[in-house]
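Residue numbers (our numbering): 154 to 405. Inspection log for the structure reproduced underneath, given as structure tokens.
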């Protein structure tokens, strides 16, 4: 497989001969206002531009949208993507919203979805802890399986909690993508994984390669790439942790 990190949570994943676009956030730099009640209120989103052309990004066989927050599914993506492209959502509610935008080939991820011989398994996630969950709403991740490939677990916008441990135990992924910017509002704590969460993933899957994304792209991030790399050195997991720059690719 090849994982091309675009920006934020946006990935282009080549897997078993097919190309998946995950969580397309395709706006040009500084098009949207900052997320409120959080850091960097003087900086518009996205904080950085795209590293490659939109035409290259959307050249995919299917799209996976883990949830409909702006930084995972934006107006630029709705405009750029062909309306007939295969598109997977986490639930019927999201599917209806995507269909309202004109997309005609929408399917809800299940525990046993199959696309072109590739298993797509919806996984659980919690977009924060405690009261903030009511604001954050439902999210999912996805596991990709194929006999010719390593098992890939894209955890999505989730913090570390028991269900992530259960997904790792159930699927034994050899490659795990985590959203690790420790994004936060001024109150309510982490919305996605911070460095201790990433360390918990490593302890749960010590042989897996972990790819940390969703970093330094929207105004409410609190964990930098440099800080995560330094933490990984301290914890002895740097050989298992990849922290890509925007536009960087890895093959497994």
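The beta carbon of each residue, even a glycine, is placed where N, CA and C say it ideally should be. Since this is a predicted model, take the numbers as computed values, not measurements.
N-terminal and C-terminal residue of the alpha helix (DSSP H) that residue 378 is part of: It spans 378-388 - the alpha helix (DSSP H) in which residue 378 sits, taken as one unbroken run.
Other residues of its chain near residue 358: CB distance less than 7 Å, five sequence neighbours each side excluded: 321, 326, 329
Three-way DSSP call (helix, strand, coil) for residue 314 in this model: coil
Cβ contact check for the stretch 278-297 and the stretch 210-224: 3 or more pairs under 8 Å: yes
According to DSSP, residues forming a beta bridge with residue 188: Answer is none; residue 188 lacks a bridge partner.
Terminal residues of the beta strand (DSSP E) in which residue 345 lies: Counting along the chain, residue 345 falls outside any beta strand (DSSP E), and DSSP gives it neither H nor E.
Inter-stretch contact (C-beta, 8 Å, three-pair minimum) for the stretch 331-340 and the stretch 360-378: yes
Nearest-angstrom Cβ-Cβ length linking residue 173 and residue 214, presumed shorter than 8 Å: Residue 173 to residue 214, Cβ: 7 Å. Contact.
Cβ contact check for the stretch 182-200 and the stretch 250-259: 3 or more pairs under 8 Å: no
Environment of residue 288 [buried if 16+ CB atoms lie within 10 Å]: exposed
Residue burial classification, residue 339 (beta-carbon count within 10 angstroms, cutoff 16): Per the 10 Å Cβ criterion, exposed.
Nearest candidate by alpha-carbon position, reference residue 304, set 352, 175, 312, 362: 362
Beta-carbon proximity list for residue 272, same chain, < 6 Å, skipping 5 on both sides: Hits under 6 Å: 298.
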